[in-house]
Amino acid sequence: MVRWLESHLMPCFYKKYFGVDCPGCGMQRAFVELLRGNVQESVHLFPALIPILVMLAFLGLHLVFRFERGGIWLKYMFMVVAGIITVHYILKVSGSW
């Protein structure tokens, strides 16, 4: 399964046509590394992947169980994920990552 995913990664539209990375570049490769068990490499490629997966799992649970303050928690999780993606992108573009 992992080999199939690795051989069928979608190319980045931004990188292909504009020559620059997009904020989501590395997510697919990070997911493949996470499936292989390489958590450290996954976090290095795209640090927001694990928080995104946690947020999506919580969203699924919230849709089923209707947590009392689930919507508020999802907003906070989204802000954290957006912050991680933004900081990572700025560091990657500046060459510090």
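In case it helps, our numbering puts the sequence shown at residues 2 to 98. Ideal placement from N, C-alpha and C gives every residue a C-beta, glycine not left out.
Let's see if you can read the secondary structure: which residues bound the alpha helix (DSSP H) around residue i?
i     : result
Met11 : Unbroken run through Met11: none, as it is neither H nor E.
Pro52 : 50-66
Ser43 : 40-46
For residue i, I'd like the list of residues in its chain whose CB is within less than 8 Å of its CB, leaving aside the five on either flank, ordered along the chain.
i     : result
Met11 : Gln29
Val33 : Val3, Leu6, Glu7, Leu10
Lys16 : Asp22, Cys23, Cys26
Measuring only the C-alpha atoms, how far is residue i from residue j?
i     : j     : result
Gly25 : Leu54 : 14 Å
Leu92 : Val21 : 14 Å
On the criterion of 16 or more Cβ atoms from any shown chain inside 10 Å, does residue i qualify as buried, or is it exposed?
i     : result
Gly27 : buried
Phe19 : exposed
Val40 : exposed
Where does residue i sit, in a helix, a strand or coil, going by DSSP?
i     : result
Met78 : helix
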